[in-house]
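J.:
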Amino acid sequence: MPATFISSLLTINEREFNKLCKDSQAVIKRSTKQTERYAVLVEAVFPRLCAFLELDPEQQRNELRGELQDDYGFFVSQIIEEHMKPAFDYSIVLKAYV
Numbered sequence: 002m003p004a005t006f007i008s009s010l011l012t013i014n015e016r017e018f019n020k021l022c023k024d025s026q027a028v029i030k031r032s033t034k035q036t037e038r039y040a041v042l043v044e045a046v047f048p049r050l051c052a053f054l055e056l057d058p059e060q061q062r063n064e065l066r067g068e069l070q071d072d073y074g075f076f077v078s079q080i081i082e083e084h085m086k087p088a089f090d091y092s093i094v095l096k097a098y099v
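If you read the sequence shown in the working numbering, its first letter stands for residue 2, the second for the next number, and so on.
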């Protein structure tokens with residue numbers, strides 16, 4: 002069953018998402034393992050993405066969480082899927098920063 006969450010009318014394109022990821026990259030420490038780097042990045046991107054789209058991060062987290070713990074990769078992907086225009090491969094953008 003698809004997630005139901007409050008949506009804004011705003012959209013995000015690849016260039017804008019790329020900038021959010023670039024701005025968030027500073028939180029990744031060089032000593033962090035590759036698998037941990039992705040988790041750290043998406044956790045940093047999440048509040049920036051919500052702010053960009055004028056979404057309440059706490060409300061988004063609560064509505065998307067369901068049975069999951071804080072899975073920021075899932076949260077980011079669900080929000081991007083809802084708001085990207087035109088469509089782009091956001092996973093490639095994220096991977097470029099880890």
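Cβ atoms here follow ideal geometry from the backbone N, Cα and C, with glycine treated the same way.
Look at residue 44 and residue 91 and say whether their C-beta atoms are less than 8 Å apart.
T.: no
J.: So what's residue 3 in DSSP terms, helix, strand or just coil?
T.: Because residue 3 sits at a pLDDT of 45, beneath the cut-off of 50, its placement in the model cannot be relied upon, and the following sentence gives the value as read from the coordinates. Of the three classes helix, strand and coil, the one that applies to residue 3 here is coil, per DSSP.
J.: Helix, strand or coil: how does DSSP classify residue 13 here?
T.: strand
J.: Using only CA atoms, which one of 34, 55 and 48 lies nearest to residue 11?
T.: 55
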